[in-house]
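Below is one structure, written out as C-alpha cells; comments come after it.
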Amino acid sequence: LLRACDGESAADPTTMFAGIAALDAAGAGDVSYLERRRYLPRLKATRASAVIVTKDHAAAVPEGVIAILAAQPALAFARIAALFHPAPMARPGLHPTAVIAADAALGPGVEVGPFAVIGARAVIGAHSAIGPHAVVGENVVLGEYCRLHAHASISHAICGDRVVLHPGARVGQEGYSFTPAPDGSYVTMPQLGIVRLGEAVEIGANSCVDRGALADTVLGPGTRLDNLVQIGHNVTTGRGCVFVAQAGISGSTTIGDYVTFGGQSGSAGHLEVGSGARIAAQSGVIGDVPPGQDYAGSPAMPAKSVFRAIATLRRLSEKSPGDKR
Amino acid sequence: LLRACDGESAADPTTMFAGIAALDAAGAGDVSYLERRRYLPRLKATRASAVIVTKDHAAAVPEGVIAILAAQPALAFARIAALFHPAPMARPGLHPTAVIAADAALGPGVEVGPFAVIGARAVIGAHSAIGPHAVVGENVVLGEYCRLHAHASISHAICGDRVVLHPGARVGQEGYSFTPAPDGSYVTMPQLGIVRLGEAVEIGANSCVDRGALADTVLGPGTRLDNLVQIGHNVTTGRGCVFVAQAGISGSTTIGDYVTFGGQSGSAGHLEVGSGARIAAQSGVIGDVPPGQDYAGSPAMPAKSVFRAIATLRRLSEKSPGDKR
Amino acid sequence: LLRACDGESAADPTTMFAGIAALDAAGAGDVSYLERRRYLPRLKATRASAVIVTKDHAAAVPEGVIAILAAQPALAFARIAALFHPAPMARPGLHPTAVIAADAALGPGVEVGPFAVIGARAVIGAHSAIGPHAVVGENVVLGEYCRLHAHASISHAICGDRVVLHPGARVGQEGYSFTPAPDGSYVTMPQLGIVRLGEAVEIGANSCVDRGALADTVLGPGTRLDNLVQIGHNVTTGRGCVFVAQAGISGSTTIGDYVTFGGQSGSAGHLEVGSGARIAAQSGVIGDVPPGQDYAGSPAMPAKSVFRAIATLRRLSEKSPGDKR
Chain A
0 LLRACDGESA ADPTTMFAGI AALDAAGAGD VSYLERRRYL PRLKATRASA
50 VIVTKDHAAA VPEGVIAILA AQPALAFARI AALFHPAPMA RPGLHPTAVI
100 AADAALGPGV EVGPFAVIGA RAVIGAHSAI GPHAVVGENV VLGEYCRLHA
150 HASISHAICG DRVVLHPGAR VGQEGYSFTP APDGSYVTMP QLGIVRLGEA
200 VEIGANSCVD RGALADTVLG PGTRLDNLVQ IGHNVTTGRG CVFVAQAGIS
250 GSTTIGDYVT FGGQSGSAGH LEVGSGARIA AQSGVIGDVP PGQDYAGSPA
300 MPAKSVFRAI ATLRRLSEKS PGDKR
Chain B
0 LLRACDGESA ADPTTMFAGI AALDAAGAGD VSYLERRRYL PRLKATRASA
50 VIVTKDHAAA VPEGVIAILA AQPALAFARI AALFHPAPMA RPGLHPTAVI
100 AADAALGPGV EVGPFAVIGA RAVIGAHSAI GPHAVVGENV VLGEYCRLHA
150 HASISHAICG DRVVLHPGAR VGQEGYSFTP APDGSYVTMP QLGIVRLGEA
200 VEIGANSCVD RGALADTVLG PGTRLDNLVQ IGHNVTTGRG CVFVAQAGIS
250 GSTTIGDYVT FGGQSGSAGH LEVGSGARIA AQSGVIGDVP PGQDYAGSPA
300 MPAKSVFRAI ATLRRLSEKS PGDKR
Chain C
0 LLRACDGESA ADPTTMFAGI AALDAAGAGD VSYLERRRYL PRLKATRASA
50 VIVTKDHAAA VPEGVIAILA AQPALAFARI AALFHPAPMA RPGLHPTAVI
100 AADAALGPGV EVGPFAVIGA RAVIGAHSAI GPHAVVGENV VLGEYCRLHA
150 HASISHAICG DRVVLHPGAR VGQEGYSFTP APDGSYVTMP QLGIVRLGEA
200 VEIGANSCVD RGALADTVLG PGTRLDNLVQ IGHNVTTGRG CVFVAQAGIS
250 GSTTIGDYVT FGGQSGSAGH LEVGSGARIA AQSGVIGDVP PGQDYAGSPA
300 MPAKSVFRAI ATLRRLSEKS PGDKR
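Chains as they are written, first to last, in my numbering: chain A, 0 to 324; chain B, 0 to 324; chain C, 0 to 324.
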C-alpha cells in the first residue's frame, strides 16, 4: 500500500485495510485522506484507521490513527483506491445482438455490448470495450484499452490508447459552418476533416467534438472534457487540457498545453490560447490569451483587471444616489 | 370537472365540454384559463365555452362564457387538462428485442421498449416504462410508475417512485475529478458513490447527473431539471428544486429546498445555497447563498446590488466623454 | 466547375482538378479559396492550382496559380466542393434489425439503419435516411431527403423536406412547465402541441427542441441549430435563424427571420426578437429586441451601450485607488 502510493508511515507494514472512505464516513479498517485544510476538523473526528496527509499535517492526525505521509495526498489516495476498486476491464466477448461489419478489425480481448454498431473498416484496439448502443462509424480507429460508454457515437475519428467516451458523447459529426446563397438559403461548407483524440483523452457525457472542415480537430494527450462541453471544428489543443462542464470552444481556436477552461466559459473562434492559461468559469474569450495568464469576465480580460473593475463598480454604486433608498 | 379543479361556477353543473385550449385558440366546447394579466385582451375575445379565472377577474369574463373561479387557475387548468388528456400509462409487456438480465426483477405492469437493456440485478418497480433504447445499468433500482424515455441511460442509482428521465438523460456516470501525477498525466479520483433520485424527480432531455465520488449525489423529492442541465458529483438538493435549461452545479455543493436556478446559471463547487434562494438566469454563484435570497450576476451577488450596479454603470457611461460621439 | 460556382477565369476551361483544400494545405491539382483578408500571406505561399477570390484580390494571386473570380468565394468554394465530395445520399434499404411499425408509411428510396425504431403511423418521405439507433415516434411526419443521424430522437413533430437531425438531437419531448400544488408538489401543465420544422432545418448534436404546450413550437425554413442548443416550448422562429452552440431560448419567445443568437447566449421567455437582430455570444435577452439591432451583454442591451459601459468601467477602475498597488 505504501509502495502503491509512494508514501511513508511509521506503522506496522503488515497492517491490513478493508477499504477507502472520506474522512467523515470512514470506519475501522478504512484508509482516508485530508483533501483540503478546511477539513482539518473532520480529520480530528475521523474514525478511519489511516489517513494520508502531507508532512505539515502529520501532527494533526489523531492518536490511534495511522498517519501516512505523502507529497500529494490526493494522488496517493487515488492510487490506493485503485487497489481496492480497480478500474473495470473489458469483459471479452461480442454480444449476439451487436452489428459488426464483416471487414471491421477487432483486437484481442475486445468487449462489444448489446446493440452496439461497428461500421465498415473500423479498427478497435485490443482490450477496448464498446458499450451498449454505442455506434462506431466507418473507418474509425480506436487504440487499445479504449472505452465507449452507453449511447456514445463516434465517426470520422482516429483515437489513441485509453480514450474514454462517456455516455452520449458525440465525436466526429459535421461542424457548424455554412454560407448564405443569394436565394436566402444556407450552403454547408465542406466538412471533410476528422477528429484526432490523443492517448487517454476523455470526453464527458453528452459532450460534442465536431470533425474538422478542411483540416482536423485535435485534442492532445490526456485532455479531459467534462459533461455537455462543445468543441467546434478545427479546434486543436495540446496536452492535458481541462474543459469543465458546459464550456464551449468555437471553430479553429488553437489551445496550448495544460490550459483550463472553467464551467460555462467560452471562446470565440480563430484565436490562440497559450499554454498554462486559466480561463475562469463563465468567462468569454474574444482575443488571444498569452501563456500562463489567468483570464476572467465576459468579455474576458486578465483576472486582476476584472476583480478591480468589479470592486470599482461596487464602490461607485454603493455611494450612488440610488443607495439612499 | 369542478371537483377535479377545486373550482366554483354558477353554471349548470351538467354542462359538457369537449376539450381544452389556450384563450386565443379555443372554440365552442373548450375550457381555457387566464394565465397572466397581460392576456386580458385575449379573454375579451375568446371563443371558449368556459374560462378559469381568479375571483378578481370574474367580471372580465365575456357574456356567454362560463366563468370558473379558482384560487390558482393554472393548477385548476392542469387538473382539468389531465381529465381530457390523461398522462400515458405504461403499456405492459416486454418487447422481444429488449435485452433483460435473467436476474433483473421487474414488477407487474412494466413496459420495456425495443432495444432497451436492463442489467444484472436491476429492479424495476411496478408500472414503470422503459423506453426504446434506454439502458438501465447493473444494480439500478427504479421505483413504481417511473418512466425512462428514448435513449436515456442510468447506472449506479436508486430512484423513488414516479421518477422521469427524458430522452437522452444521463444519470450515474463517473464524475469529473482527477489529480495530476508527476509525469503530467491525470489520475482519476475514486468515483464510488451513487445517485439517489427522490420521488417524482424529473431529469430533462440530454441532462447529466454524475454519481458521487465517496458519498452520493442526491436530488430531493419533486426536484425537476430542464434540458441540458449538469449536476456534478456529490451535489445534494432538498425538495422541489428547479434547474432551468443549461444550468450547471459543480461538485459537492449543497442546496436546500425549493431553490431555483435560472437558465444558464451556474454554481461553483463545495458551496451552500439556502432553501428558497432564487438564482437568476446566467448568474454564477461563487459563495454561499443565504436562505430566501435572490442572487444575480456573474459573480452572483444579491439581486438588488446587481441592479444598482447596472444602473450606476449605465448612468456613468451615458455622461462619459465617449457619449458625445 | 466555373458553371457550378458562377465564377470567371481567364484559364483554359479544359483544365482538370483533383480536389479541394485550404490554402496552406493545398497541392498541385487542388482548388482553394481566400476565406478572409488575414489569410493573404497564405495566398502568397499556396501551392494550389487555382484559388477563388473576389475581383479585389485578383492581383494577389501568385503567378502560376489560376485565379477564379467570384462575388462570394466561400459560396463558390462550397459549390465546387460539392462536385468533389457530394453529400451522401440515402442508401435505400431497411436494416433487418430495425423495428418498423406495420402501419408506418415509408417513401421510395428510404434508408433505415440498424436498431432504428419507427413508430405507428409515422410517415417517412422519399429518400430520407434514418440512422442507427434513431427513434421516430408515433405519428411523426418527415419530408423527403431528411436525415436522422445516430441516436437522434423525434416525437410529436412534422418536418419539411431536407431536415437534418445530428447525432443525439432531441425533438418533440415534453416542455418544462409546471405549477405548484398546495402540498408542495409540482403539477405538469398540459404539453399537447407539436414541433414544426420547416424545410432544410438542421438540429445540432445533442440539441433539444421541446414540443409546444397548447400551441406548437416552430422553426422556420433554413433555420440551423449548432450543438447543445435548447429551444423551449412554443418558441417560434422565421426563416434562416442561426443558433450557435449552447444558446438557449425560453418558452414562447417569438423570433423573426435571419436572427442570430451567438454561442452560450440566451433569451427569457414570452419576448419578441425582430428580424435581422444579432445577439452576441453569452448575452442574455430580457426584453423585446427591435428588428435589425445588435444586442450584447447580460442583461442584453444595444451593443454600442455595452461597449461604452465596458470602456467606462475600464477607465474608472484604472484610475481608481486600487490601481496604485
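Even glycine gets a Cβ: it sits at the ideal position worked out from N, Cα and C.
### Query
Any idea which residues DSSP pairs residue 158 (chain A) with across the strands?
A:196
### Query
At what residues does the beta strand (DSSP E) containing residue 177 (chain A) begin and finish?
177-179
### Message
For residue 32 (chain B) and residue 51 (chain B), what's the separation of their Cα atoms in angstroms?
### Response
4 Å
### Message
Could you check whether the Cβ of residue 261 (chain B) sits closer than 9 Å to any Cβ belonging to chain A?
### Response
no
### Message
Against chain C, does residue 369 (chain B) count as a neighbour if the rule is that its beta carbon must be under 9 Å from one of theirs?
### Response
Outside the modelled stretch of chain B, which goes from 0 to 324, sits residue 369 (chain B), for which no answer is possible.
### Message
Given a cut-off of 9 Å on the beta-carbon distance, is the pair residue 22 (chain A) and residue 47 (chain A) in contact?
### Response
yes
#### Entry: Cross-chain neighbours of residue 146 (chain A) in chain C, by beta carbon under 9 Å
Within 9 Å Cβ-Cβ: nothing; residue 146 (chain A) doesn't reach chain C, min ~18 Å.
### Message
Just to confirm the assignment, what range does the alpha helix (DSSP H) spanning residue 52 (chain A) have?
### Response
First-last for residue 52 (chain A): 49-52, but that is the beta strand (DSSP E), not the alpha helix (DSSP H).
### Task
Scan the segment 203-225 of chain B for residues whose Cβ lies nearer than 7 Å to a Cβ of chain C and list them as they occur along the chain.
203, 204, 205, 221, 223, 225
### Query
Counting only beta-carbon atoms, is residue 267 (chain B) nearer than 9 Å to chain F?
This model lacks chain F altogether, as its protein chains are A, B and C.
### Query
In the segment 12-52 of chain B, which residue ranges form an unbroken beta strand (DSSP E) of at least 3 residues, counting only runs that do not cross its ends?
29-32, 49-52
### Query
Can you find a C-beta in chain B that's less than 9 Å from the C-beta of residue 322 (chain C)?
With a pLDDT of 43 at residue 322 (chain C), under the threshold of 50, the predicted position of this residue should be treated as unreliable, though the coordinate-derived value follows. Answer no: the Cβ-Cβ gap between residue 322 (chain C) and chain B never drops below 9 Å.
### Cβ pair residue 97 (chain C), residue 115 (chain C) closer than 9 Å
yes
### Query
Which residues, in order along the segment 114-126 of chain B, keep a beta-carbon less than 8 Å from a beta-carbon of chain A?
114, 116
### Message
I'd like the span of the alpha helix (DSSP H) that includes residue 305 (chain A), first residue to last.
### Response
302-317
### Host alpha helix (DSSP H) of residue 67 (chain B) (start-end)
Not the alpha helix (DSSP H): residue 67 (chain B) falls in the beta strand (DSSP E), residues 65-68.
### Task
Flag this pair as yes or no: are the beta carbons of residue 91 (chain C) and residue 126 (chain C) separated by less than 9 Å?
yes
### Task
Can you give me the start and stop residues for the beta strand (DSSP E) that residue 295 (chain B) sits inside?
293-295
### Message
Comparing C-alpha positions only, which one of A:312, A:170, A:220, A:162 sits nearest to residue 308 (chain B)?
### Response
A:312
#### Entry: Element boundaries [beta strand (DSSP E), containing residue 1 (chain A)]
Unbroken run through residue 1 (chain A) is the alpha helix (DSSP H), 1-4; no beta strand (DSSP E).
### Query
Does the beta carbon of residue 15 (chain C) sit closer than 9 Å to a beta carbon anywhere in chain B?
no
### Per DSSP, cross-strand counterpart(s) of residue 185 (chain B)
B:179
### Task
Inspect the beta-carbon positions of residue 291 (chain C) and residue 274 (chain C) and report whether they are closer than 9 Å.
yes
### Query
Which value, in whole angstroms, describes the spacing of the CA atoms of residue 18 (chain A) and residue 200 (chain C)?
54 Å
### Query
Does DSSP classify residue 322 (chain A) as helix, strand or coil?
Since pLDDT at residue 322 (chain A) reaches only 43, below the 50 mark, its modelled position is unreliable, and the value read off the structure follows with that caveat. Here residue 322 (chain A) sits in helix by DSSP.
### Query
chain C beta carbons: is any one of them nearer than 9 Å to that of residue 315 (chain B)?
yes
### Local conformation of residue 79 (chain B) per DSSP, three classes
helix
### Query
Are at least three pairs of beta-carbons, each pair with one atom in the segment 168-175 of chain A and one in the segment 58-69 of chain C, less than 8 Å apart?
no
### Task
Name the one or two DSSP bridge partners that residue 93 (chain B) has.
B:111
### beta strand (DSSP E) segments (min. 3 residues) lying fully within the segment 204-273 of chain C
216-218
### Task
Give a yes or no on whether the minimum CB-CB distance between residue 201 (chain C) and chain B is below 9 Å.
no
### Query
Helix or strand or just coil, what does DSSP make of residue 105 (chain C)?
strand
### Message
Is residue 292 (chain B) close to chain C? Criterion is C-beta to C-beta, closer than 9 Å.
### Response
no
#### Entry: Of the residues A:145, A:240, A:123, A:14, the one placed nearest residue 184 (chain B), counting alpha carbons only
A:240
### residue 170 (chain A) versus residue 167 (chain C) - alpha carbon distance
11 Å
#### Entry: Neighbour flag for residue 307 (chain B) against chain A, beta carbons, 9 Å
yes
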